[in-house]
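Undergrad: My questions all concern the structure below.
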Amino acid sequence: MTLLDWPGKVACTVFLEGCDLRCPYCHNSELLLAGSVPGIREEELLSFLEKRKGLLDGVCVTGGEALLWPDLPFLLEKIKAIGYPVKLDTNGTHPEKLKMLFREGLIDYVAMDIKNSPEKYGVTAGKPDLDLEPVRESVSWLLEEHTDYEFRTTVVRQFHTVRDMEEIGRWIAGAKRYFLQPFAPRNTVPDQTLAAPDRETLCRFLETVKPLVKEAEIRGI
């Protein structure tokens, strides 16, 4: 259960395996490869949700990269049939799948990661040769406000600067919501040398992006 992942809602978070990025600061690196950790059966999840009707306001589906999950539309159909709205977390690399879920009425809120400024995106995402066009397409689609959404950046001292925040702010200018999330070291993070910026730097980053988006906050401190 989470009070943080979906603004204004008490939600349950479902983690799906598999990801097409390799961010060195990833908190869920054990989920990068499908079949790498024990999971629960779909029937168990749906039973859990049935029993908590009236207690939960929604279901957050995350990863890994949830849009890689082959049966995701069918799972979301079943969650929606129970009566829950669905929030999807995505890295934005699969815009057509994102749009399809919206067209089918299977998502109510999208949280998309913005890894860094465009020029540093691939390195920050652990894929130096990453094709950024699908990510740009997802950003543009969300900015058109087809569905409720937020952008968010996990801020890492070694990766992010004021200039990067300026570039991100211009990229997502006019965005409905943008959250800065300070990196939190964990033993599951691939690169154990990484660290969070100090509070002063975070506040400076926030003031950099605030004039460019409708709502900006630091989340997690």
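In case it helps, the working numbering puts the sequence shown at residues 290 to 510.
Ideal Cβ positions, reconstructed from N, Cα and C, are used throughout, including at glycine.
Values in this document were obtained by computation on a predicted structure and should not be read as measured data.
1) Count the other C-beta atoms from every protein chain shown that fall within 10 angstroms of the C-beta of Asn476, then say buried if there are 16 or more, exposed otherwise.
2) Output yes or no for whether 9 Å exceeds the beta carbon distance between Lys386 and Leu365.
3) Please go through the same chain and pick out, in chain order, the residues whose beta-carbon is closer than 8 Å to the beta-carbon of Leu335, but skip the five residues on each side of it.
4) Sort Val350, Val502, Asp453, Pro384 by Cα distance to Thr291 and report the nearest one.
5) Considering only the alpha carbon of each residue, which of Tyr398, Lys388, Val451, Cys315 lies closest to Gly353?
6) Does the segment 442 to 452 come into contact with the segment 470 to 487, if we say contact requires no fewer than three beta-carbon pairs (one atom in each stretch) closer than 8 Å?
7) Just to confirm the assignment, what range does the beta strand (DSSP E) spanning Leu377 have?
8) Start and end of the beta strand (DSSP E) containing Val444?
9) Count the other C-beta atoms from every protein chain shown that fall within 10 angstroms of the C-beta of Ile403, then say buried if there are 16 or more, exposed otherwise.
10) Is it right to say Glu339 is buried, meaning 16 or more other beta carbons lie within 10 angstroms of its own, or is it exposed?
11) Ignoring anything shorter than 3 residues, give me the beta strand (DSSP E) runs that lie fully in the segment 294 to 377, in order along the chain.
12) Where does Glu439 land, buried or exposed, given buried means 16+ other C-beta within 10 angstroms?
13) From Tyr398 to Thr482, what does the alpha carbon distance come to, in whole angstroms?
14) Please name the residue, chosen from Lys416, Leu501, Pro327, that lies closest to Asp309 on a Cα-to-Cα basis.
15) Helix, strand or coil, according to DSSP, for Glu393 in the structure here?
16) Let me check one thing: in DSSP terms, what residues is Val399 bridge-paired to?
17) When you compare each of Leu432, Phe391, Thr302 to Trp460 by their alpha carbons, which one comes out closest?
18) Have a look at the DSSP bridge pairing and note the partners of Ala505.
TA: Considering the structure as presented:
1) exposed
2) no
3) Lys367, Ile368, Ile371
4) Thr291 has its Cα closest to that of Val350, out of Val350, Val502, Asp453, Pro384.
5) Cys315
6) Counting Cβ pairs under 8 Å, three or more are found: they touch.
7) 375 to 379
8) It spans 437 to 444 - the beta strand (DSSP E) in which Val444 sits, taken as one unbroken run.
9) buried
10) exposed
11) For secondary structure counted as the beta strand (DSSP E) over 3 or more consecutive residues, the segment 294 to 377 holds these complete runs in sequence order: 300 to 304, 347 to 351.
12) Glu439 should be labelled buried.
13) Here the alpha carbon of Tyr398 sits roughly 34 Å from the alpha carbon of Thr482.
14) Here the closest residue by C-alpha is Lys416.
15) coil
16) Note: Val399 sits in a beta bridge opposite Leu377, Tyr438.
17) Leu432
18) Tyr467
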